[in-house]
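Protein chains in written order, with the working numbering: chain A, 2 to 266; chain B, -3 to 346. Virtual Cβ for every residue (Gly too), placed ideally from N, Cα, C. Computed from a predicted model, the values in this text were never measured in an experiment.
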Amino acid sequence: MSTTTPHLLEPYLSLPRETSLIVLSSILGASTNWLLARYIHSYLKTPSVEGEPEVAVLLASFLRDYPFFQQTLSKLSLDLDSEARKGRFAFVDGLTGLFLPSQRSGGRLQDGDDLRAVQRQIGDALAGLDAGRKRRVVLVLDQPDFLVASTSAGGGEGAGIAVRDVILDLREKVHSCVVTVSADDPLVHPPVAPTPLETNHSWFVLSLLHEADMLCALRLLDTGTAKDVSGVVRITSSRDGETEDREYLYKVGGHGGAKVFERGQ
Amino acid sequence: MPPSAASHHRSHSLLLLQKLLNLRDKASPLTLILDNLEQPAHPVLNEFMTRAKISKAKIIFIALSTLKKPPLADVFIRGRHTSLQQLASEIIPHVTPSPSSPNQSMSSLPYPSYLTNPLVRKHLTLRHNPPPPLDPLPPPLLPPIHHPPLTTSCLLVYHTDIPLLPQSTPYTPTPLSVLTHLSTSILTLAPLSHVLATKAAENKSLPAPVFGLHSSREGVLLSLRPPSSPQGVVITMELRRKSGRVVQEKFVLFPSPPTTTAQHRQQTKGVGGVILLSDHPAFSTATTEEEGEGIQATFNLGLTEKQRRDREGVVLPYFDAQTEVGGGEGGRILYDMGREDDFDEEEDEI
């Protein structure tokens, strides 16, 4: 199985235009990790064009730690450490620092309760990437919907609004933004008597979709499980008719390989 | 409906929408656009802005979730992180005419603003008393109503598919109900392809298809639109006249594609076309039969042109009898005697 970029996905992985937002949605069993890795890989491997600023990636993950991404991307023959040394990559760990007793270290979010602190940390990392040279920074937020639940406001009103505002503020500072969210049914369709958290999560995901320029929605095969198909990826653009909507099947294999193909192929 | 009445109705309805889109003659001080993920409001907003640009009006765009200034907007105001009072104080200088402003002489000064629900919601949920009918949610946000000499119009976009956040008091009316009470016209949007699919299912008495979020397949958030699907936005217009009469009509807006040639652009000035939904080929009653999709059978039930002509040429036997006798003359037995018939004269005499 090929570890390179699936050929059918290539048109969607190129650097998007300014201020655009790409949303990758996952459900249980169809995770966005392989796709997110390909986005990061594609941005960092973009050959620098003369006269145009370099592309850099800031990855902030709230559900996965740095070694995970390092391993995933090393399978795609991309060394995150060396990219970080070149100043083209930075990682903000939103996972380990959140609820453990504080152990100060760089690049770790300390308090999941305080959205301002989260925003400040990511802002600092952005400033570090941008320092000196002009770079086009792509902000990659992995599962920020976790923040909706983790902030103290999660049970009350406005957690969804607060997290969305943080994302909007961060988006103002970067070239473009890639966000992954969970879109399982209970998280998107609140029941008849929803809890505040359910409403907030759904509010957050749907408002994000309204702002998105492109959505890659991953789901399982409608007809059940199959040996040679992991799931379905549906790529829809924001209804302006610029790009065509597509639906492909994908298969994620061992060793970081992923294959994307049309139905029936 | 006789044809003249139908065409009158058509031109009347189209005129109403054109008036609304051009925001002419104070057509509607507050227009509410209800959109959803399947049909976002961008095409309709662009249409409003293009037309406003043609009539040389000033466009003020208040962004609550948009980062980039739309190319057509004259003034771009960021509405996040500001209280309503601050926001209003930012907006009012732009809508108040100053003597030096060339716009002041214009009869129309449309003022489309782009309000998405979060702010409206936030502030509505914070209100403890139900808003009185004529003192709208953020009073300073609606200067057009309070400034009669200015012909400003306010456009509001509300996403209907985002769930309502928990309200602080259960007696507060929902933002949507307040907004629908206040607006002078409401445009509800739907994609043309979905409306056509629903209509096709209805014609065959099938259950209406469901799209996107409602398709009850886990993980599906947006419907897949094949490249060949018809472009267009179905607008359900509810126009509330000053007299209290409500005009309801459905239209299809065909936004002008961004890739049109310069010449075509010059002709249309980037303005999209509008027709009545009932005039759309799929909806006009004359052509409800679908061409090329007859009964599924192993033999052909249709007729070729020659067969049809031949069939029309056949004279059926009873036609002869009808012409000879004519209507209303009673019956007569027509019988030609054969050779073996024995004619009995006496029989007739009885």
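- Query: When the Cα of Pro226/B is compared with those of Thr300/B, Ala186/B, Thr62/B and Phe57/B, which residue comes out closest?
  - Reply: Nearest of Thr300/B, Ala186/B, Thr62/B and Phe57/B to Pro226/B, Cα basis: Ala186/B.
- Message: Using C-beta distances below 6 Å, list every residue in its chain close to Thr180/B, excluding the 5 sequence neighbours before and after it, in chain order.
- Response: Ser24, Pro25, Leu26 and Arg236
- Hey, how far is the Cα of Glu213/A from the Cα of His155/B? Residue identity check: residue 213/A is Ala in the sequence provided, not Glu. Roughly 14 Å between the two C-alpha positions.
- Task: Assign Arg224/A to one of three DSSP states: helix, strand, or coil.
- Result: In the sequence under discussion, the amino acid at residue 224/A is Thr, which differs from the Arg named in the question. The answer is coil: DSSP assigns Thr224/A none of H, G, I, E or B.
- Message: Alpha carbons only, please: which of Arg47/B, Phe247/B, Asp337/B and Lys200/B is nearest the one belonging to Thr184/B?
- Response: Phe247/B
- Quick one: grab the DSSP three-state call for Ser149/B. coil
- Task: Specify, as a first and last residue, the run of the beta strand (DSSP E) that Ile29/B falls within.
- Result: Going by DSSP, Ile29/B is part of the beta strand (DSSP E) stretching over Leu26 to Asp31.
- Message: Run through chain A and tell me which residues come within less than 9 Å of Ser201/B, C-beta to C-beta.
- Response: Think of a sphere of 9 Å around the beta carbon of Ser201/B: no beta carbon from chain A falls inside it, the nearest being about 26 Å out.
- Sub-9 Å separation of Leu220/B and Arg235/A beta-carbons: yes
- Leaving out five residues before and five after Asp70/B in sequence, what residues of the same chain have Cβ atoms less than 6 Å from its Cβ? Lys54 and Ile55
- Item | Contact residues within the segment 197 to 228 of chain A, judged by C-beta distance below 9 Å to chain B | Pro197, Glu199, Thr200, Asn201, Ser203, Trp204, Val206, Leu207, Ser208, Leu210, His211, Glu212, Leu216, Ala218, Leu219, Arg220, Leu221 and Asp223
- For Glu199/A, which three-state DSSP category applies? helix
- Delimiting residues of the beta strand (DSSP E) encompassing Asp94/A: For Asp94/A, the enclosing beta strand (DSSP E) stretches over residues Phe90 to Asp94.
- What are the residues that DSSP puts in a beta bridge with Phe57/B? DSSP lists Phe72/B as the bridge partner or partners of Phe57/B.
- Task: Measure the C-alpha to C-alpha separation of Ser3/B and Ser189/B and round it to an integer number of angstroms.
- Result: 26 Å
- Item | Proximity to Leu161/B [Cα-Cα], best of Asp166/A, Gly30/A and Thr196/A | Thr196/A
- Item | Terminal residues of the alpha helix (DSSP H) in which Pro39/B lies | Residues His38 to Ile50.
- For Val347/B, which residues in chain A fall below 8 Å Cβ to Cβ? Past the edges of chain B, shown from -3 to 346, lies residue 347/B, and the structure says nothing about it.
- Any idea what DSSP makes of Pro126/B, helix, strand or coil? Low confidence applies to Pro126/B: its pLDDT is 29, below 50, so where it sits in the model is not reliable, and the reading given next is rough at best. The answer is coil: DSSP assigns Pro126/B none of H, G, I, E or B.
- Who pairs with Thr232/B in a beta bridge, going by DSSP? Thr184/B and Lys246/B
- Item | chain B contact for Arg172/A (CB, 9 Å cutoff) | yes
- Message: Short of 8 Å Cβ to Cβ, which residues in the segment 177 to 192 of chain A face chain B?
- Response: Closer than 8 Å at the C-beta level to chain B, one finds these residues of the segment 177 to 192 of chain A: Ala184, Asp185, Asp186, Val189, His190 and Pro191.
- Task: Please determine, among Ser252/B, Asp275/B and Ser274/B, the residue with the shortest C-alpha to C-alpha distance to Val267/B.
- Result: Ser252/B
- Item | Residues that Glu245/A contacts on chain B, provided the C-beta gap is smaller than 7 Å | Pro223
- Residue from Ser32/A, Leu14/A, Pro12/A and Thr20/A whose Cα sits closest to the Cα of Val182/A: Ser32/A
- Item | Cross-chain neighbours of Glu248/A in chain B, by beta carbon under 8 Å | Within 8 Å Cβ-Cβ: Leu220.
- Message: Along the chain, where does the beta strand (DSSP E) containing Glu11/A start, and where does it finish?
- Response: Annotation: Glu11/A is outside any beta strand (DSSP E); the continuous alpha helix (DSSP H) that includes it extends over Glu11 to Leu14.
- Collapsed DSSP secondary structure at Thr165/B in the structure displayed: Coil.
- Task: Alpha carbon to alpha carbon, how far is Arg247/A from Gln244/B? Give it in angstroms, no decimals.
- Result: 36 Å
- Compute the beta-carbon to beta-carbon distance between Leu96/A and Leu127/A, rounded to the nearest angstrom, for a pair I have assumed lies under 8 Å. That pair is no contact at about 19 Å.
- Message: Check whether the segment 55 to 62 of chain A and the segment 21 to 29 of chain A touch, using three or more Cβ-Cβ pairs below 8 Å as the test.
- Response: no
- Query: Going by beta carbon distance, what residues of the same chain come within less than 7 Å of Tyr251/A, once the five residues before and after it are set aside?
  - Reply: Once the five neighbours on either side are set aside, the close Cβ partners of Tyr251/A are Ser231, Gly232, Val234, Ala259, Lys260 and Val261.
- Which residues, in order along the segment 20 to 44 of chain A, keep a beta-carbon less than 7 Å from a beta-carbon of chain B? Within the segment 20 to 44 of chain A, the qualifying residues are Thr20, Ser26, Ile28 and Ala31.
- Message: Quick check on Phe262/A: does DSSP put it in helix, strand or coil?
- Response: strand
- Query: Just the Cα atoms here: how many angstroms apart are Leu207/A and Ala293/B?
  - Reply: 46 Å
- Message: Could you give the first and the last residue of the continuous beta strand (DSSP E) run that contains Glu173/A?
- Response: Unbroken run through Glu173/A is the alpha helix (DSSP H), Ala160 to Lys174; no beta strand (DSSP E).
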